[in-house]
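Following UniProt numbering, the numbering of the sequence shown begins with 1 at its first residue and continues without gaps. All C-beta atoms in this analysis are idealised placements derived from N, C-alpha and C, irrespective of residue type, glycine included. Below you'll find the structure, written out as structure tokens, and then a few comments.
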Amino acid sequence: MAMSLKQKQNGALDQIDNPNVSVEISLSEEKIQDDTSTGGPVDTSIEVHRKLKQRHISMIAMAGTIGTGLFLGSGQSLRHGGPVGTLLGYISMGAVGFSMQVALVRGFLSAGVFFNTLMTELFMFSNQSGGNVTGAIPHYAERFFDPAMGFAVGVNMWFAATIALAAEITAAAIVVQYWDSTTPSWIYITIFLVTICAINVAGVRWYGEAEFFFSAIKLMVILLLIIVGIILDLGGGPTHDRIGFRYWIEPGPFVELNGILGPLGRFLGFWTVFIQAAYSYLGVESVAIIAGEAENPRKTIPKAIKRVFFRILIFYIGGVTVAGLLVPSNSAQLASVRGHGTAHASPFVIAINNGGIKILPDIVNAVILLAAYSTGNTALCDHRCSFSWNSPMCSPSCLRLWQPNTPRAGISKHGSVFVQKMYKSGLPILALIPTAAGGLLAFLRLNNSGAAVFHWLTRMSAITGLCTWLCILVSYLRFYDGMKYHGINRNNLAYKAPFQPYLSYFGVIMIILVIFFSGFEVFLKGNWSTPNFVTNYITIVGYFLLFAFWKVKKRSKLVRAPQMDLVSGNMKFEAMDAYYKENLAIPKTRMQKFWNWVCGNLFIDQ
């Protein structure tokens with residue numbers, strides 16, 4: 001007879017009081033069985049493989065999101081918001097992103113309740129599927145809020161990945177024009193899309209190595225740009241022009257939007273920065289999606305994310321500060337972001353050209369191209385969120401070929417043939433195909449201005465990403481209530497999310513305001529644009545339609561605090577911890593110890 005939820009939770013509390021209780025469970029690196037599963041026997045050939053090491057996860061978490069949002073899109077923010085408006089906008093959205101990170105990671109850790117296992121269900125395992133679940137954010141929403149939200153956010157995340165892929169490929173094609181404006185854009189778009197697909201098809205290990213290399217270059221270059229920018233600002237460049245805060249005085253710290261004078265115009269200019277800043281920060285939640293392919297994720301994921309967001313914040317805040325010091329907001333070159341749109345409009349390229357440095361602009365543009373390619377690569381990797389659609393309450397029946405009472409060989413009872421069929425390398429290939437197909441949207445550039453297409457895609461990607469952040473925060477608040485109802489003292493847990501629940505409420509309110517007013521510019525006099533209106537609001541309408549559709553179809557109900565299951569799935573992580581602890585490679589040679597120190601202090605949080 002299966003234990004009741006209350007019995008499970010009481011047993012979990014007993015194990016907190018008695019940490020010496022051991023769990024015996026068979027474990028291998030590629031196959032983990034869990035007696036809490038209700039889905040029947042699982043053929044582990046349909047599981048993703050755990051080949052991402054700590055250094056891969058840390059680098060992806062730290063620099064995987066540094067892309068065209070910073071290098072190219074920040075020029076638009078500077079033009080509309082001014083240097084101080086841009087800086088404040090990035091700081092504000094950084095605070096919102098931090099609130100989401102706290103809910104996603106630190107909150108998860110404090111809630112992995114009972115045996116410090118919060119990542120159990122939230123990062124990759126589903127008690128219902130009986131196997132790996134890569135990209136557990138939809139399951140988080142399903143388990144603690146409503147299955148309808150789990151379905152809606154799952155589709156939303158997949159859509160965000162497809163749009164981001166198209167946006168980054170478009171940006172890469174824009175950057176190439178810096179050197180080659182004669183070759184047709186479709187050739188470069190095809191090359192970028194095919195090679196990105198090839199890296200993902202090759203397997204997660206190749207993806208990890210590629211992103212480690214790309215991220216290392218991006219980190220070094222953004223640090224170099226910040227240092228060079230400070231030198232140029234202080235008059236250390238070839239022109240010896242000491243700029244200081246000249247452009248904060250004239251043309252001024254803020255820009256009056258659309259000719260609206262006074263504080264209102266300056267505030268509206270500042271508000272326009274939020275969407276671009278949100279697009280720049282999007283992707284910090286991607287580590288939760290790839291956690292199912294990480295070695296020892298309960299140790300690897302927290303180390304990679306606990307402090308990495310502050311490092312990302314430093315890169316972004318440092319970068320936009322330097323750009324705002326060196327480039328005036330009324331620069332004619334920034335205006336080309338909305339015109340023909342090439343990498344010449346990057347504030348970093350403009351600053352270096354104005355400083356009289358001849359070679360560095362080409363290097364910076366090469367890195368911008370690399371950043372666009374890398375971010376597109378990460379976006380396609382996020383197709384793994386589709387692999388999490390194997391819960392019967394939050395997955396579309398059209399994607400499942402099983403009969404409820406007759407599970408097919410090799411597929412768990414609640415499995416999805418469509419998204420779980422893989423190559424022997426552990427790649428969810430049929431989940432990759434529709435996401436890669438979304439990259440074809442980049443060919444819109446052939447009939448429109450590259451900058452216009454990039455603008456449309458970044459707006460849509462930003463809104464869909466913010467919807468995902470909102471779901472994470474709302475689900476965490478429900479989870480917080482569940483912990484409170486079941487009498488769990490957060491002070492006794494190994495990890496405690498700070499400033500809760502107030503920080504999550506702050507994030508929820510800010511995201512709702514930003515989403516609701518994201519397209520306010522089209523309502524200003526003489527600014528109506530049907531494409532801009534659609535790209536700002538179509539994803540919001542789509543999200544609510546998805547939620548309503550699944551709510552009606554499945555008659556799902558809000559998960560109340562008494563019904564929240566806070567303990568299932570623990571044994572997998574307990575066994576995994578024991579396995580990796582037993583097989584941990586200890587550095588022996590001086591070179592191994594040195595490399596371990598470098599990774600520990602520069603790349604990986606200890």
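{"query": "C-alpha distance - F348 paired with S185, whole-angstrom precision", "result": "24 Å"}
{"query": "Limits of the unbroken alpha helix (DSSP H) element including L524", "result": "From DSSP, L524 is part of no alpha helix (DSSP H); its letter is neither H nor E."}
{"query": "Closest Cα partner of I60 within the set P263, L72, F213, S74", "result": "F213"}
{"query": "At least 3 beta-carbon pairs within less than 8 Å: the stretch 361-371 vs the stretch 253-261", "result": "no"}
{"query": "Own chain, CB closer than 7 Å to Y480, minus 5 neighbours either side, in chain order", "result": "Q500, P501"}
{"query": "With 16 other Cβ atoms within 10 Å as the buried cut-off, status of Y485", "result": "exposed"}
{"query": "Identity of the residue in S475, V327, R478 nearest V84 by Cα", "result": "V327"}
{"query": "Candidates E521, T190, G244, V194, of which the one nearest F267 by Cα", "result": "E521"}
{"query": "Contact under 8 Å by Cβ, G229 with G356", "result": "no"}
{"query": "Boundaries (first-last residue) of the alpha helix (DSSP H) holding E142", "result": "137-144"}
{"query": "Supposed close pair A278, G519 - CB separation, criterion 8 Å", "result": "Not a contact, Cβ separation roughly 14 Å."}
{"query": "Helix, strand or coil at M591 [DSSP, three-state]", "result": "helix"}
{"query": "K557 versus F516: straight-line alpha-carbon distance, rounded", "result": "26 Å"}
{"query": "Span of the alpha helix (DSSP H), counted from its first residue to its last, around S77", "result": "74-101"}
{"query": "C-beta atoms of A166 and A442 nearer than 8 Å", "result": "yes"}
{"query": "Whole-angstrom distance between M591 and V474, CA atom to CA atom", "result": "47 Å"}
{"query": "Exposure label - S529; buried when at least 16 CB within 10 Å", "result": "exposed"}
{"query": "Through-space distance from F315 to L224, alpha-carbon basis", "result": "11 Å"}
{"query": "CA-to-CA distance, L470 to V508, given in whole angstroms", "result": "6 Å"}
{"query": "Validate contact between the stretch 70-81 and the stretch 270-284 using beta carbons, cut 8 Å, 3 pairs", "result": "yes"}
{"query": "Sequence-distant residues of its chain with Cβ nearer than 6 Å to V155 (five each side left out)", "result": "L546"}
{"query": "Residue interval of the alpha helix (DSSP H) (run including Y373)", "result": "360-381"}
{"query": "Environment of Q563 [buried if 16+ CB atoms lie within 10 Å]", "result": "exposed"}
{"query": "Where V552 falls, given that 16 or more other Cβ within 10 Å makes a residue buried", "result": "exposed"}
{"query": "Nearest candidate by alpha-carbon position, reference H455, set K218, G482, P531", "result": "P531"}
{"query": "C467 to T539 span [Cα, whole Å]", "result": "9 Å"}
{"query": "Burial state of A351, where buried means 16 or more other Cβ atoms lie within 10 Å", "result": "buried"}
{"query": "Test item: CB-CB of L503 and S92 under 8 Å", "result": "no"}
{"query": "Selected residue, minimal CA-CA separation from G482, among R143, G73, F71", "result": "R143"}
{"query": "Where Q276 falls: helix, strand or coil (DSSP)", "result": "helix"}
{"query": "Span of the alpha helix (DSSP H), counted from its first residue to its last, around W248", "result": "246-249"}
{"query": "Pairwise C-alpha distance: G89 and S215", "result": "25 Å"}
{"query": "Residue range of the unbroken alpha helix (DSSP H) whose run includes A167", "result": "147-176"}
{"query": "Same chain only: Cβ atoms within 7 Å of V337, ignoring 5 sequence neighbours per side", "result": "With a pLDDT of 49 at V337, under the threshold of 50, the predicted position of this residue should be treated as unreliable, though the coordinate-derived value follows. So the list reads G75, Q76, R79, A345, A451, once near-sequence residues are dropped."}
{"query": "I515, enclosing alpha helix (DSSP H) - first and last residue", "result": "502-516"}
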